[in-house]
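Chemist: Residue 198 in numbering that gives the first Met the number 0 sits at position 199 of the sequence shown; the count goes up by one each step and never skips.
C-beta: ideal position from N, C-alpha, C; glycine also.
Computed from a predicted model, the values in this text were never measured in an experiment.
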Amino acid sequence: MARDTALFESAEADPTAPPVFRLYTWSPPAISFGYHQVIEDEIDVDAAQARGFDIVRRPTGGRAILHHQELTYAVVAPLDDPRFGGRLHESHARISEVFRRALNSLGVPAVMAAAAGATIDDSPVEPGDSGVSAPCFAAATRTELVVNGRKILGSAQRRGSRAFLQHGSLLLAEGHLALVDCLKLPEAARERWRRRLAATTTTLGQELKRVPELEELVRAVGNSFRNEFGS
Numbered sequence: 000m001a002r003d004t005a006l007f008e009s010a011e012a013d014p015t016a017p018p019v020f021r022l023y024t025w026s027p028p029a030i031s032f033g034y035h036q037v038i039e040d041e042i043d044v045d046a047a048q049a050r051g052f053d054i055v056r057r058p059t060g061g062r063a064i065l066h067h068q069e070l071t072y073a074v075v076a077p078l079d080d081p082r083f084g085g086r087l088h089e090s091h092a093r094i095s096e097v098f099r100r101a102l103n104s105l106g107v108p109a110v111m112a113a114a115a116g117a118t119i120d121d122s123p124v125e126p127g128d129s130g131v132s133a134p135c136f137a138a139a140t141r142t143e144l145v146v147n148g149r150k151i152l153g154s155a156q157r158r159g160s161r162a163f164l165q166h167g168s169l170l171l172a173e174g175h176l177a178l179v180d181c182l183k184l185p186e187a188a189r190e191r192w193r194r195r196l197a198a199t200t201t202t203l204g205q206e207l208k209r210v211p212e213l214e215e216l217v218r219a220v221g222n223s224f225r226n227e228f229g230s
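1) Under DSSP, the beta strand (DSSP E) around residue 53 begins and ends at which residues?
2) How would you write the range of the alpha helix (DSSP H) that residue 98 sits in, first residue to last?
3) Does the stretch 158-167 come close enough to the stretch 74-82 to have 3 or more Cβ pairs within less than 8 angstroms?
4) According to DSSP, what are the bridge partners of residue 150?
5) Apart from the five residues just before and just after residue 127, which ones in its own chain have a Cβ nearer than 6 angstroms to its Cβ?
6) Does residue 206 pass the burial test, meaning 16 or more other C-beta atoms within 10 Å, or should it be called exposed?
7) Buried or exposed, going by whether 16 or more other CB atoms sit within 10 Å of the CB of residue 24?
8) Check whether the stretch 44-56 touches the stretch 5-23, counting contact only when three or more Cβ pairs, one atom from each stretch, lie closer than 8 angstroms.
9) Touching or not, the stretch 97-111 and the stretch 217-224, by the rule of three or more beta carbon pairs under 8 angstroms?
10) Which ranges does the beta strand (DSSP E) cover as unbroken runs of at least 3 residues, wholly within the stretch 149-178, from first to last along the chain?
11) Are there 16 or more other CB atoms within 10 angstroms of the CB of residue 28, so buried, or fewer, so exposed?
12) Figure out for me which residue from 32, 21, 114 and 18 has the closest Cα to the Cα of residue 178.
13) Report all residues from its chain with a CB closer than 6 angstroms to the CB of residue 93; omit the five preceding and five following residues, and keep chain order.
14) Quick one: is residue 34 buried, meaning 16 or more other Cβ sit within 10 Å of its Cβ, or exposed?
15) Applying the 10 Å Cβ sphere with the 16-neighbour rule, what's the burial state of residue 119?
16) Mind checking whether residue 58 and residue 4 have CB atoms under 8 angstroms apart?
17) At the level of alpha carbons, what is the spacing between residue 208 and residue 69?
18) Suppose contacts are defined by Cβ-Cβ distances below 8 angstroms. Is residue 72 in contact with residue 22 by that definition?
19) Please state if the CB of residue 10 and the CB of residue 149 are separated by a distance shorter than 8 angstroms.
20) Starting from residue 0, follow its DSSP beta bridges and name the residues at the other end.
21) If you run the structure through DSSP and keep just helix, strand and coil, what is residue 37?
22) Assuming contact is defined by CB atoms lying nearer than 8 angstroms, are residue 154 and residue 91 in contact in what I supplied?
Structure (C-alpha cells):
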C-alpha cells in the first residue's frame, strides 16, 4: 500500500500522470485500518502479531480489513479523467462494474448492492457489545458487490485536489473471518461478530466451489477492465 500512496501523491503533483490499475495479494496477511481510525481503539495488536498478521494504515477510508485469501486492487487516476465519470459515486460505480463483469464471466452472479437492495448497517451486533467499528465486510454500500445479498467486493476511495485513489478487496476464501479474533471485543461478543461477518459475506470459493487460480482471475479482471475502459 506504500506504493499506492506514492502513486497517488505523484498523480496529485502531476495532473498529466496516466491512470494506474494494480492487482496484488498479501504475504504475510495484514490488517489494514482506515485513514481516520485509531488503531489503539480498534485492534488488539498482540493478538494480531501472535497470528503473524502485519498491521498497516490504509491511505483510503473505511473500516478494518484482514487481507488474507483475497485479491486487492488499487486504481489511481486524475479526478477529471472522463472514463471514471468525475464524481465519487460515478467513479466508484465504474470500477465496481469492471469486477461485476469479471465475476459474471467466471459464473458468479455478482451485482451492485443497490440493485440487490442491500443497505449500510453500522449498528453493533447487540447493544453494549463494544464501541469498536464493525468490520468493513459487515455491511455493503451502494456500489460494492454482493452475491445473493452477501458482500464479496469491498472498496474505499480517497480524493485529493487533482486525483483519487480507490482500494478494494475481492474475497477468495474465508481468511477474512479471522479479523474478529484481533478486534478489541468482549469475549462474549466475539462469536456473535464472527457469525455476523460470516452471514454478511461470501467468497469466490463458496460461490464456485473452488478458488480460481490467480492467473485465471487476473485475466478475467484484466479483460473486463479493457472492455470497460478501452485500454
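Modeler: According to the structure shown:
1) Counting along the chain, the beta strand (DSSP E) containing residue 53 begins and ends at 53-56.
2) 87-104
3) yes
4) Per DSSP, 145 and 200.
5) Any reading at residue 127 must be qualified, since the residue scores a pLDDT of 41, below 50, and its modelled position is unreliable; the value itself is stated next. Contacts found: none.
6) buried
7) exposed
8) Output reads no: the stretch 5-23 does not touch the stretch 44-56.
9) yes
10) DSSP assignment within the stretch 149-178 yields the following whole beta strand (DSSP E) runs of 3 residues or more, N-terminal first: 149-158 and 162-170.
11) Residue 28 is buried by the Cβ-count criterion.
12) 32
13) 83 and 84
14) exposed
15) Confidence at residue 119 is low in this model, with a pLDDT of 47, below 50, so the placement of that residue should be treated as unreliable; the coordinate-derived value is given next. Classification of residue 119: exposed, given that the 10 Å Cβ count is below 16.
16) yes
17) 16 angstroms
18) Residue 72 places its beta carbon less than 8 angstroms from that of residue 22.
19) no
20) Residue 0 pairs with nothing; no bridge assigned.
21) coil
22) yes
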